[in-house]
Each structure stands twice: as C-alpha cells, then as structure tokens.
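In this note's numbering, the protein residues as written are -19 to 239.
Cβ coordinates follow ideal geometry from the N, Cα and C atoms, glycine included.
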Ligand SMILES: NC(=O)c1ccc[n+]([C@@H]2O[C@H](COP(=O)([O-])OP(=O)(O)OC[C@H]3O[C@@H](n4cnc5c(N)ncnc54)[C@H](OP(=O)(O)O)[C@@H]3O)[C@@H](O)[C@H]2O)c1
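This is how it looks when you write it as structure tokens:
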C-alpha cells in the first residue's frame, strides 16, 4: 500500500487500555478499537463483565488482557501498569472511560459522595494518564489519550453537582495535559457523549418524562447507542488525529447546538 492509500484509521499493532470496559460505553469502544485492529487491556472492577468484553474482542481475532482494578485506588496505578507491561507490553493508547455519579440536590450531597465521584472520574483518570505518560516519555514513544467527558463538561442540570464538577475537571485536564505533553508526541483529547442508554443512565431513561425531554432536546430525536461512539474513539486513537490535541469532540446528536 502506498502512503497515499494507507488507512489512517488502522490500529493494527497497537495496544489500547480501556477503563470501565466491563459494560456500557467502555465495552462498545473496546470492541470498536478491536474492529480496527487494536489489542486490548480491559480495566474495571467486575471480572465477569471484563471477561464478556474480552470474549467480544477475541471473537474479532484480537488479544484481550483482563485487569480487574478499582480506580479509586490511584496509589496502586503503578502496580497496575507494571502488571500490564509484564503481560501485554506498554500500551500506546489509553481510553479513560471509567466513571461514576451520585445524584442528589447540592444541599443534600454528602462529602463522601463528592469524594467517590472525584476519586474515580478525576483522580483515577489523572493517575493513570500520568503513569502512562511517564513510561512513554522514558522510552521516547508517542501516545494517544482519549478521556470521556460529558455534556456536563459544558452545561449543568440540577442534581448532578459532583458529576458535572468532575466532568468540567476532565475537560480542563484534557487541555492541560495536551499542552504539556504535545512536545512528547502524546495527544490528549476527549469525547463528550450526549445522553446514551447504559447502566449509568438507567434511572433516568426509565423515567418516561425524562426520556421524552432528552429526545426533545436532541436535534436527532433519540438517545445515543453505545456504538455511536465508535467512530470518534477510533479517530482519536488513530494516526488520523495526529495533529489534533486538547479537543473535546461532542457526540450528542446536536444537543449543544440547540438554543
Ligand atoms: N451514558 C451516558 O449517557 C454518558 C454521557 C456522558 C458521559 N458518560 C461517561 O461515559 C463513561 C462510561 O459510562 P457508561 O454510561 O458506560 O456507564 P456504566 O455503564 O455505569 O459503566 C461505567 C464503567 O466504569 C467502571 N467503573 C466505575 N467505577 C469504577 C472504579 N472505581 N474502578 C474501575 N472501574 C470503574 C464500571 O465498571 P465496574 O463497575 O465493573 O468497576 C463500568 O465499566 C463514564 O465516564 C460516564 O461518565 C456517559
């Protein structure tokens, strides 16, 4: 294949970590990366869920390593990375997708709930990104980091204070790390999903009034399906996005463009 016809979205020979890969958006993105040739390191707490994702990856002829890990324990991230390197090598792609929420009016939000959200969505994400970047830089290797932000990196809704604050932080972490690490060949971008049907949103999409509100506020008139993120994650993980860094790509059916 000449340089002009090479597939810039090809991920063959690449190794990608996806956190929160035991279900939902993480599983869909892991499968999308595998469809484009990547081998996967799958991180989350539920070994059973990770095994199911690994089966989907290996059915596509790619390798999958399962790493049960609680991202609230950021101090242990170097041990996790040692184990990953020993088993699979040093990944060049990291999709920071694991996330959690606690829904409550701000006046009733406990500090323990605030901490639980921040520990995973922000502190865990930072610790893993920093550890990978240190190792890539030490070997003068390039990398791609894709953070999963949210509509709530930009806009808010009552009852989601900790989550919205955490996703605002993810947006600024994306930009901060992008400008620090650009010179090292490490691209840092984010995807901002709109409303997608997963376990995380089950309490709200099962509420018919809320579900209708989402459809009405989404110009495309529907909830997102996990597979709707496939194109965005492959783009941001692949050579097709080599000159893109510090960006948040919203995949929201047009939500943020509606007045
Ligand atoms: N669904 C949406 O509409 C939507 C919209 C915008 C942004 N997002 C973001 O997209 C990401 C994925 O969400 P989702 O909708 O797929 O939610 P989900 O179905 O609840 O999945 C969350 C994933 O994160 C993992 N996780 C949670 N806490 C963890 C921890 N302490 N350590 C390791 N892994 C942990 C879960 O695995 P275990 O439970 O097995 O650990 C699971 O794999 C999140 O960052 C979320 O904020 C979702």
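Do you know whose CA, among the options, lies nearest residue i's CA?
| i | options | result |
| --- | --- | --- |
| residue 65 | 7, 116, 195, 228 | 116 |
| residue 101 | 24, 87, -5 | 24 |
| residue 9 | 239, 137, 76, 184 | 76 |
| residue 26 | 177, 3, 41, 40 | 3 |
| residue 234 | 198, 42, 228, 185 | 198 |
| residue 236 | 175, 152, 226 | 175 |
| residue 99 | 68, 50, 69, 138 | 50 |
Apart from the five residues just before and just after residue i, which ones in its own chain have a Cβ nearer than 8 Å to its Cβ?
| i | result |
| --- | --- |
| residue 195 | 201, 202, 203 |
| residue -4 | 10, 13, 18, 19, 20, 21, 71, 72, 73, 74, 75, 217 |
Pull up the distance between the alpha-carbon of residue i and that of residue j, whole angstroms please.
| i | j | result |
| --- | --- | --- |
| residue 206 | residue 164 | 32 Å |
| residue 161 | residue 85 | 37 Å |
| residue 104 | residue 133 | 17 Å |
| residue 7 | residue 120 | 30 Å |
| residue 167 | residue 173 | 19 Å |
| residue 125 | residue 52 | 19 Å |
| residue 28 | residue 48 | 9 Å |
| residue 41 | residue -9 | 13 Å |
| residue 192 | residue 226 | 33 Å |
| residue 68 | residue 181 | 33 Å |
| residue 138 | residue 239 | 19 Å |
| residue -6 | residue 152 | 27 Å |
So, using beta-carbon positions, are residue i and residue j closer together than 8 Å?
| i | j | result |
| --- | --- | --- |
| residue 36 | residue 22 | no |
| residue -1 | residue 113 | no |
| residue 16 | residue 218 | yes |
| residue 89 | residue 141 | yes |
| residue 108 | residue 57 | yes |
| residue 170 | residue 136 | no |
| residue 31 | residue 131 | no |
| residue -11 | residue 224 | no |
Opposite residue i in the DSSP bridges: which residues?
| i | result |
| --- | --- |
| residue 230 | 172 |
| residue 140 | 84 |
| residue 19 | -5 |
| residue 167 | 124 |
| residue 48 | 24 |
| residue 74 | -3, 125 |
Quick one: residues in its chain with C-beta nearer than 7 Å to the C-beta of residue i, no 5 flanking neighbours on either side, listed in chain order?
| i | result |
| --- | --- |
| residue 97 | 80, 81, 82, 142, 143, 146 |
| residue 177 | 185, 203, 205 |
Residues in its own chain within less than 6 Å of residue i by CB, not counting five upstream and five downstream?
| i | result |
| --- | --- |
| residue 154 | 127, 168, 170 |
| residue 38 | 44 |
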